[in-house]
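Asks:
2 protein chains.
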Amino acid sequence: MSDDGKVMLSEKDQPQRWCNILPFLPEPIKPYLSPQTMKPATPDELRVLFPMELIKQEFSSEEYIEIPDDVLQLYRIYRPSPLVRAHRLEKALGTPARIYYKNESVSPAGSHKANTSIPQAYYNKQEGVKRLVTETGAGQWGSALSLAGALLGDMEIKVYMVRVSYQQKPYRSILMRTWGASVVPSPSDQTQSGRALLATDPNHPGSLGIAISEAVEEVATRKERDSHYALGSVLNHVLLHQTIIGEEALKQFALIGEKPDVLVGCVGGGSNFGGFVIPFAKEKLLGRRDVRILAVEPAACPTLTKGIFAFDYGDEAKLGPVAEMYTLGHDFIPSGIHAGGLRYHGDSPLISMLKKHNVIEAVAHNQLDVFEAAQLFARTEGIVVAPETAHAVKSAIEEALKAKARNERKVIAFCLSGHGNFDMAAYDDYLAGKLENHVHPEEKIAEALHRLPIVNA
Amino acid sequence: MSDDGKVMLSEKDQPQRWCNILPFLPEPIKPYLSPQTMKPATPDELRVLFPMELIKQEFSSEEYIEIPDDVLQLYRIYRPSPLVRAHRLEKALGTPARIYYKNESVSPAGSHKANTSIPQAYYNKQEGVKRLVTETGAGQWGSALSLAGALLGDMEIKVYMVRVSYQQKPYRSILMRTWGASVVPSPSDQTQSGRALLATDPNHPGSLGIAISEAVEEVATRKERDSHYALGSVLNHVLLHQTIIGEEALKQFALIGEKPDVLVGCVGGGSNFGGFVIPFAKEKLLGRRDVRILAVEPAACPTLTKGIFAFDYGDEAKLGPVAEMYTLGHDFIPSGIHAGGLRYHGDSPLISMLKKHNVIEAVAHNQLDVFEAAQLFARTEGIVVAPETAHAVKSAIEEALKAKARNERKVIAFCLSGHGNFDMAAYDDYLAGKLENHVHPEEKIAEALHRLPIVNA
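Residue numbers (the working numbering), protein chains in the order written: chain H, 218 to 674; chain R, 218 to 674.
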């Protein structure tokens, strides 16, 4: 470790495999259901959307999965990512705790999302698929898949971007186009589900659930049959690829002889959180490690803290697989907080299972508290984080202040999932005192939960 | 070196000193003149603007200057920066040349500018100055000084931002404010020189020369006498701090046993270029190294390729020191190209001297060619570069294609001075076919050169 606490991994120490926690879960994840039949989805239903290798990974019982050489080579553009001790933040807080962050903002797309966009594009290309369709909300995932398409080469990327984000964040779609992708605002006139919504409102603002429906519909119904779908969070194979974060962090902590007492990450679908904590959670499940693991979500979309564990649809038009997870109901529309990446009604089935069995805890924060924390972080550590990441910063600070009150030398580590270079309008609102807290009324949540396809709570 | 050619320096190899080329120049740089008397500026005139330690560095005859520990610690937030082999770009060009780039976009402010903003804030704080005033055009420098102010702590930063950039790039000023700085569009009503211009045009678009005048005027006339001025380029001490780039690159090339045949950097005031090439240029001057060094500027502001070597004012209102340099005339207003950081009428006296003695060469490129190169780079290497940096990318590609035509295995290295996350509007214009080339008419340059204070060519 250097004086200032930046822990770099040398190339020879770079992890060569992803960590699969599926075989170690306290209870197996129930199979996905077909949205038409509510019976377990057949492999053929999944093969329309995904390449065989990713389907295998989705259900794998191997403890580790080797990372292909070509993927490792592309990872090295920005990996290993640094683990950094936040000395100046600690000082500002006057805490005896040691705070570390794993900096995933270093990828050219600015977040952890490239960790899975690169292998997803790679496996598709291996199976001869040269066209991928996806959705994006705030734009982190769409950017990362566009980047992966450019890096793999000879790969076409089409992105359905939630219209309200498309309009509010024009720079994100330009970034995707610079990498060669095509981007359309959703709902669009290019799909049946999009046209139906435009008929009700020509300026429909869209939602992540709607954009997923459009992308899935295009892939399933396109005459050329040349495309696959790609998802940036929620699914097991996505979290698997993200475990590169935690695998590196394990080695970095070992290098400096430090053991984190608390791990913190923000949760929307669960991919940066899962990627960071899974290698530690596995050790915890095996009784080899004692660590608190804390998932942080917005009070405006409190899936893990106020949702229920049940089967639900993943998308608005009920086209994709139905999964058992914590959910607020597939037609739950959270308020327009700036952390667009955390505005998803459901959660990764894997993270949901860890929560159900108390391997992890969850907490929800208000928007104003979260931006106050992000500003303190920017002014002490220099990095202006994404609004999503700001949730993790808030909890890390809260834990550090608790340690101060108890005079405990805790080690706190959080995942800095992305930078906020494309989210400056949110900081502008915060600095101008225009930001509001949005707590979702409990009765609206209860109402949305009544519309679940199968209630098994 | 890793398979993909990312060369990282370990902490123990991190350079601990800056490289001063002043004692090795073929001809000494003439002293700055006072704009009032046209006689050599007195130390007192400079002490109004800068702390003593920076004035000493400005005229130092030491071969190396030790970097203070506190500065080294803050450098480590993002340094050493990686030296990367651009394998995928090489493949796309089909060139036998090896192309490397030194990636300075990794700082939290997104460019090399933090390399000097941090020591400038540090030395001012050491001498008890807790308020710094500066100007910024495109915003890279203003951001970097705001970041440094936050990192040093207890330091107030005030930025005069060229009004047209302030309006076109709102995200840049929000970024500075997030770090705690105050930002005003220039010309402003806060200075005499600003008010005079607003009287002629209340929506005056401003220029870098005007913003410098306002910052210098505020520092020199402020009643409290509590502020210093900070400049992000041109001066010797600024280029000195930037030599951390080249000192690292020297070690990185030595590590992999590679010798660059051509070094490339974009030039506005000359700070990233100087910082990258000076350690190599010193070796060249001492006869220890044979290397071509190529400065790249925009055709719209062709200081080194079409200016003359003469004494000229550095700012519009003739308040700052007069320096001998390549210049297009202090009232030369270049067209509104997107590379705002390269729109300066003059050039670093140090770089000018190296050019005068043919230690370096210069070339100018058109805006469209430059963005075409940047797009190819984004789609092969993943990084969307700043419009300024795109000029260096263009020349690196040109050199690689020359090597291909001659079947030469040249080693080409360029400085990737910053990312383009805040310049997406420029890429949007390029993708939409709206970008134009702006070549400045020769007669306008000749006209501007007639207004030099002393013509000694």
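Note that beta-carbon positions come from the ideal geometry of N, C-alpha and C, so glycine has one too.
Computed from a predicted structure; not experimentally measured.
With a threshold of 9 angstroms between beta carbons, is R:A595 in contact with chain H?
Replies: At least one chain H Cβ lies under 9 angstroms of R:A595.
Asks: Where are the alpha helix (DSSP H) runs, 4 residues long or more, that stay fully inside the stretch 251 to 312 of chain R, in chain order?
Replies: Counting only runs of 4 or more, we get 260 to 264, 269 to 275, 286 to 292, 304 to 310.
Asks: Would you list, in sequence order, the uninterrupted beta strand (DSSP E) runs of no fewer than 3 residues that lie entirely inside the stretch 346 to 398 of chain R?
Replies: Taking only runs of at least 3 residues, the beta strand (DSSP E) segments lying wholly in the stretch 346 to 398 of chain R are 348 to 353, 373 to 379.
Asks: What are the residues of the stretch 376 to 404 of chain H that lie near chain R, defined by any Cβ-Cβ distance shorter than 7 angstroms?
Replies: Cβ contacts with chain R come from Y388, I391, L392, R394, T395, W396, G397.
Asks: Kindly indicate which residue of H:S430, H:P297, H:P285 has the alpha-carbon position closest to the one of H:E352.
Replies: Comparing Cα-Cα distances from H:E352 to each of H:S430, H:P297, H:P285, the minimum goes to H:S430.
Asks: Mind checking if H:Q592 is an interface residue toward chain R, Cβ cutoff 9 angstroms exclusive?
Replies: With 9 angstroms as the cut-off, H:Q592 counts as an interface residue toward chain R.
Asks: Could you give the first and the last residue of the continuous alpha helix (DSSP H) run that contains H:G637?
Replies: Neither: H:G637 is in no alpha helix (DSSP H) and is coded neither H nor E.
Asks: Return the residues of the stretch 326 to 344 of chain R that lie within a Cβ-Cβ distance of less than 9 angstroms from chain H, sorted by chain order.
Replies: If the cut-off is 9 angstroms between Cβ atoms, the stretch 326 to 344 of chain R has A326, G327, A331 near chain H.
Asks: What residues of chain H sit near R:M225, judged by a beta carbon separation below 9 angstroms?
Replies: Those within 9 angstroms of R:M225 in chain H are M225, S227, E228.
Asks: 9 angstroms is my cut-off, CB to CB: does H:Y318 come that close to chain R?
Replies: No - not a single Cβ of chain R is within 9 angstroms of the one on H:Y318.
Asks: Over what stretch of residues does the alpha helix (DSSP H) that includes H:R412 continue unbroken?
Replies: From DSSP, the alpha helix (DSSP H) with H:R412 extends over 409 to 417.
Asks: Going along the stretch 637 to 652 of chain H in order, which residues come within less than 8 angstroms of chain R, judged by CB to CB distance?
Replies: Correct list: N638, F639, M641, A642, Y644, D645, L648.
Asks: Express the C-alpha separation of H:Q274 and H:D220 in angstroms, rounding to a whole number.
Replies: Low per-residue confidence applies at H:D220: pLDDT is 47, beneath 50, and the placement is therefore not dependable, though the value from the model is reported in the following sentence. Going from the Cα of H:D220 to the Cα of H:Q274 covers about 40 angstroms.
Asks: I'd like to check one pair, R:H562 with R:D529: are the Cβ atoms closer than 9 angstroms?
Replies: The answer is yes: Cβ separation under 9 angstroms.
Asks: List the whole-angstrom C-beta distance separating R:A516 from R:A581, where the pair is believed to meet the contact cut-off of C-beta under 8 angstroms.
Replies: Correct: roughly 5 angstroms between the Cβ atoms.
Asks: Go through its chain and collect everything with a Cβ distance to H:I374's Cβ below 6 angstroms, but skip five positions before and after it.
Replies: Once the five neighbours on either side are set aside, the close Cβ partners of H:I374 are L349, L362, S363, G366, A398.
Asks: Closest Cβ-Cβ distance between R:I600 and chain H: below 9 angstroms?
Replies: Yes, because at least one Cβ of chain H sits closer than 9 angstroms to the Cβ of R:I600.
Asks: Drop a sphere of 10 angstroms on the beta-carbon of R:M269, count the other beta-carbons inside from all chains shown, and report buried for 16 or more, exposed for fewer.
Replies: Per the 10 Å Cβ criterion, exposed.
Asks: By alpha-carbon positions, which one of R:A498, R:P252, R:G327, R:Q409 ends up nearest to R:E578?
Replies: Checked all of R:A498, R:P252, R:G327, R:Q409; the closest Cα to R:E578 is R:A498.
Asks: Mind checking which residues open and close the alpha helix (DSSP H) that includes R:E598?
Replies: Note, R:E598: alpha helix (DSSP H), 584 to 598.
Asks: Along the chain, where does the alpha helix (DSSP H) containing H:F528 start, and where does it finish?
Replies: From DSSP, H:F528 is part of no alpha helix (DSSP H) but of the beta strand (DSSP E) over 525 to 530.
Asks: With H, G and I counted as helix, E and B as strand and the rest as coil, what does DSSP make of H:E625?
Replies: Coil at H:E625, not helix or strand.
Asks: By DSSP, does R:P325 sit in helix, in strand, or in coil?
Replies: R:P325 falls in the coil class under three-state DSSP.
Asks: By DSSP, does R:S334 sit in helix, in strand, or in coil?
Replies: If DSSP states are grouped into helix, strand and coil, R:S334 belongs with the helices.
Asks: Give the secondary structure of H:P249 by DSSP, where H, G and I count as helix, E and B as strand, and everything else as coil.
Replies: Residue identity check: residue 249 of chain H is Tyr in the sequence provided, not Pro. Residue state, collapsed to three classes: coil.
Asks: R:P260: buried (16+ other C-beta within 10 angstroms of its C-beta) or exposed?
Replies: R:P260 is exposed by the Cβ-count criterion.
Asks: Quick one: Cα of H:A534 to Cα of H:H547, how far?
Replies: Roughly 9 angstroms separates the two Cα atoms.
Asks: Run down chain R in chain order and give the residues with a C-beta less than 9 angstroms from the C-beta of H:K416.
Replies: Lys is not the amino acid found at residue 416 of chain H; the sequence shown has Ala there. Simply none; closest approach about 30 angstroms.
Asks: With H, G and I counted as helix, E and B as strand and the rest as coil, what does DSSP make of R:E653?
Replies: R:E653: coil per DSSP, three-state reduction.
Asks: Checking 9 angstroms against the spacing of the C-beta atoms, do H:A355 and H:A556 come in under that value?
Replies: For H:A355 and H:A556, yes; Cβs fall inside 9 angstroms.
Asks: For H:I294, return the contacting residues in chain R, with the cut-off set at a CB-CB distance below 9 angstroms.
Replies: Simply D221, K223, V301, E598, G599, I600.
Asks: Residues in its own chain within less than 8 angstroms of R:A674 by CB, not counting five upstream and five downstream?
Replies: Note on R:A674: pLDDT 41, under 50, position unreliable in the model; the coordinate value appears next. Closer than 8 angstroms at the Cβ level, and outside the excluded window around R:A674, lie I525, F526, A527.
Asks: Check the C-beta distance from R:L652 over to R:L585 and give it rounded, since I have them as a contact under 8 angstroms.
Replies: Yes, R:L652 and R:L585 are in contact; Cβ-Cβ is about 6 angstroms, under 8 angstroms.
Asks: Roughly how many whole angstroms lie between the Cα atoms of H:T312 and H:L306?
Replies: Answer to the nearest angstrom: the Cα atoms are 9 angstroms apart.
Asks: Measure the C-alpha to C-alpha separation of H:A630 and R:G222 and round it to an integer number of angstroms.
Replies: Cα-Cα distance, rounded: 30 angstroms.
Asks: Classify H:G486: buried if its beta carbon has 16 or more other beta carbons within 10 angstroms, exposed otherwise.
Replies: That one is buried.
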